[in-house]
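Asker: To start, I am sharing the structure in question, which I have written as structure tokens.
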Amino acid sequence: MTEREEQADDLAQSVTISVGELLRQSRESKQRSLREVADALCLTEDKITALEADDYSLFSARIYVRGYLHNYARYLQIDSAEVLAAFELQVPRGTRLTNAPQPGAITSGGFGSSSSSLNRPRQPSKKNRLRLVVLLVATALIILFLTSTFLPSSVNTSDDPPGFLNGAAIDHTLQSGPPRPAISVANNNMSAEIPLENTNITAAAESSFPAETGVSIDASFSFTDDCLTDIRDMDGTKLVYDLKAAGSHLTLTLTQPVKVFLNNATAVQLHLNGTPYPFPRRGPVARFELDPVQISALLSSGSKPGNNENGDPPSGSQASPIKDSAP
Numbered sequence: 113m114t115e116r117e118e119q120a121d122d123l124a125q126s127v128t129i130s131v132g133e134l135l136r137q138s139r140e141s142k143q144r145s146l147r148e149v150a151d152a153l154c155l156t157e158d159k160i161t162a163l164e165a166d167d168y169s170l171f172s173a174r175i176y177v178r179g180y181l182h183n184y185a186r187y188l189q190i191d192s193a194e195v196l197a198a199f200e201l202q203v204p205r206g207t208r209l210t211n212a213p214q215p216g217a218i219t220s221g222g223f224g225s226s227s228s229s230l231n232r233p234r235q236p237s238k239k240n241r242l243r244l245v246v247l248l249v250a251t252a253l254i255i256l257f258l259t260s261t262f263l264p265s266s267v268n269t270s271d272d273p274p275g276f277l278n279g280a281a282i283d284h285t286l287q288s289g290p291p292r293p294a295i296s297v298a299n300n301n302m303s304a305e306i307p308l309e310n311t312n313i314t315a316a317a318e319s320s321f322p323a324e325t326g327v328s329i330d331a332s333f334s335f336t337d338d339c340l341t342d343i344r345d346m347d348g349t350k351l352v353y354d355l356k357a358a359g360s361h362l363t364l365t366l367t368q369p370v371k372v373f374l375n376n377a378t379a380v381q382l383h384l385n386g387t388p389y390p391f392p393r394r395g396p397v398a399r400f401e402l403d404p405v406q407i408s409a410l411l412s413s414g415s416k417p418g419n420n421e422n423g424d425p426p427s428g429s430q431a432s433p434i435k436d437s438a439p
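Quick note: the sequence shown uses the numbering used here, first residue 113, plus one each step.
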């Protein structure tokens, strides 16, 4: 048996406290604070506290622990060789650097028992953390799937006319309040008309313009192809909102100005009091206004409202009763 082994064996049979406890008691007996020791050893107070608690989990390698214990013992003027020998018995080589085993009473087996460890809860391993994360993600996905499958989804309905291309089909559920009385509608659709699904059409019927005007005209629309037709009064109340099929007709008795939107204007012919009149359009789409007062005045004077043969508004002082309402 070598001299160092004999010293370690003597130390194991004479010491009943751990290495960290020995250092702590020695520091307190010399009235040194943790801050003083930390500054002297160039360590943090947390690491000094860990060394005194035999908690080596803050250190990355065994060689660093031995170095810190050696310096700490020299600072306290303790035999560093005896401290390191006690550390080797307390934490044998190959042992993971965690909380060191607490020493027991002196027995024939030496300084404590390597199998008696601190009764502290084990930290969850990385594998257990990963399993927990996967479980939480799977639970969230299941809840999201059940929510999107069984809960009804809300549907937004806009009052503005959609930007349709030529003859594009639509599927809207329109439910508007009673419109202001504006026109009388005589809808003479043929049986080939294609109705919109889930569309409620509300039209104002049999009304008269304010008594001070008493002016009305008949506006007749003929459709050679499917066309979304949206007619509203100047306040924006819907009077007609329908997808007119090819071959259908729509006749209105206008008593006040209205706004007209046609998404397939090339397939629509407009007649005012039985006379065909052009209307302004931009490509396949048309947005314009019909003013019965101006139209009636022009009809009484023998003039034709609307655009000329080139599709341009009439020139001169003669104002067109059909106004382009495009923004």
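Every residue gets a Cβ at the ideal spot worked out from N, C-alpha and C, and that includes glycine.
Y187: which of K159, G132, R139 sits nearest, CA to CA?
Answerer: Here the closest residue by C-alpha is R139.
Asker: Who are the Cβ neighbours of N183 in its own chain at under 7 Å, not counting the five residues just before and after it?
Answerer: Once the five neighbours on either side are set aside, the close Cβ partners of N183 are L153.
Asker: For R393, which residues in the same chain have their Cβ closer than 7 Å to its Cβ, ignoring the five residues on either side in sequence?
Answerer: Once the five neighbours on either side are set aside, the close Cβ partners of R393 are A377.
Asker: Take L366 as the anchor and find which of S360, I343, N375, T387 has the nearest alpha-carbon.
Answerer: Of the candidates S360, I343, N375, T387, the one whose C-alpha sits nearest the C-alpha of L366 is I343.
Asker: Should the segment 379-393 be regarded as contacting the segment 345-352, the criterion being three or more beta carbon pairs within less than 8 Å?
Answerer: No, because fewer than three Cβ pairs between the segment 379-393 and the segment 345-352 fall closer than 8 Å, the two stretches do not touch.
Asker: What residue does the beta strand (DSSP E) around A331 start on, and which one ends it?
Answerer: Start and end: 329-335.
Asker: Report yes or no: do the segment 348-363 and the segment 393-411 share at least 3 C-beta pairs separated by less than 8 Å?
Answerer: Segments in contact, no.
Asker: What are the complete beta strand (DSSP E) segments, minimum 3 residues, inside the segment 129-215?
Answerer: Runs found: none.
Asker: Under 7 Å Cβ to Cβ from R147, same chain only, skipping five residues before and after it: list those, please.
Answerer: Closer than 7 Å at the Cβ level, and outside the excluded window around R147, lie E157.
Asker: Ordered along the chain, which non-local residues of its own chain (more than five positions away) have a Cβ less than 6 Å from that of T155?
Answerer: The identity of residue 155 in the sequence shown is Leu, whereas the question assumes Thr. So no residue of the chain qualifies.
Asker: Considering only their Cβ atoms, is the gap separating S408 from V380 smaller than 9 Å?
Answerer: No, they are not a contact pair.
Asker: Looking only at its chain, what residues have a beta carbon closer than 6 Å to the beta carbon of Y168, apart from the 5 residues adjacent to it on each side?
Answerer: Answer for Y168: V177, L209, listed in chain order.
Asker: If I'm right that A198 touches V131 with Cβ under 8 Å, what's the distance once you round it to whole angstroms?
Answerer: The pair is a contact, with the Cβ atoms about 5 Å apart (cut-off 8 Å).
Asker: Rounded to whole angstroms, how far is the Cβ of C339 from the Cβ of K356, which I believe are closer than 8 Å?
Answerer: That belief holds up - the Cβ atoms of C339 and K356 are roughly 5 Å apart, short of 8 Å.
Asker: Does the Cβ of Q143 have 16 or more other Cβ atoms within 10 Å, making it buried, or fewer, making it exposed?
Answerer: So Q143 ends up on the exposed side.
Asker: Measure the C-alpha to C-alpha separation of R243 and I254 and round it to an integer number of angstroms.
Answerer: Those two C-alpha atoms are separated by around 17 Å.
Asker: So, are the CB atoms of D330 and A358 less than 9 Å apart?
Answerer: It is not a contact, given that the beta carbons lie outside the stated cut-off.
Asker: Going by DSSP in three states, T363 sits in which element: helix, strand or coil?
Answerer: The answer is strand: DSSP assigns T363 an E or B state.
Asker: Which whole-angstrom value describes the C-beta separation of L440 and V195, a residue pair presumed to lie in contact below a C-beta threshold of 8 Å?
Answerer: One cannot answer for residue 440 here, as it falls past the ends of the chain, which runs 113 to 439.
Asker: Per DSSP, what kind of secondary structure is R394 in: helix, strand or coil?
Answerer: Of the three classes helix, strand and coil, the one that applies to R394 here is strand, per DSSP.
Asker: Looking at C-alpha atoms only, which residue of T259, N240, A173, P404 is the closest neighbour of G206?
Answerer: If we check each option's Cα against that of G206, A173 comes out closest.
Asker: Who pairs with K350 in a beta bridge, going by DSSP?
Answerer: BP columns for K350 point to R344.
Asker: Which of the three DSSP states is assigned to T269 in this structure?
Answerer: Interpretation of T269 is limited by its pLDDT of 46, a score under 50 that renders its predicted location unreliable; the figure taken from the coordinates is listed afterwards. In the structure shown, T269 sits in coil (DSSP, three-state: anything other than H, G, I, E or B).
Asker: When we look at the beta-carbon of I175 and count the other beta-carbons within 10 Å, is it buried (16 or more) or exposed?
Answerer: When all chains shown are included, I175 counts as exposed.
Asker: According to DSSP, simplified to helix, strand and coil, what is Q368?
Answerer: Three-state DSSP puts Q368 in coil, outside helix and strand.
Asker: So the candidates are S141, S332, D166; which of them puts its Cα closest to the Cα of L382?
Answerer: For L382, the nearest C-alpha among the options comes from S332.
Asker: Look at the Cβ atom of P396, then the Cβ atom of N375, and state whether they are nearer than 9 Å.
Answerer: A contact, by the Cβ cut-off of 9 Å.
Asker: By alpha-carbon positions, which one of P369, S328, V352 ends up nearest to S412?
Answerer: That would be S328, whose Cα lies nearest to the Cα of S412.
Asker: Output the distance between the C-alpha atoms of F262 and L256, rounded to the nearest integer angstrom.
Answerer: Roughly 10 Å separates the two Cα atoms.
Asker: Is any non-hydrogen atom of the ligand ZN found closer than 8 Å to the C-beta of V372, if you look at the structure I gave you?
Answerer: The ligand ZN is not part of the structure shown, which contains no ligands of any sort.
Asker: Provide the residue(s) that pair with F262 in DSSP beta bridges, ordered along the chain.
Answerer: None, per the DSSP bridge assignment.
Asker: Restricting to Cα atoms, I'd like to know which of P390, V246, G326 is closest to Q368.
Answerer: Among P390, V246, G326, the Cα nearest to that of Q368 is on G326.
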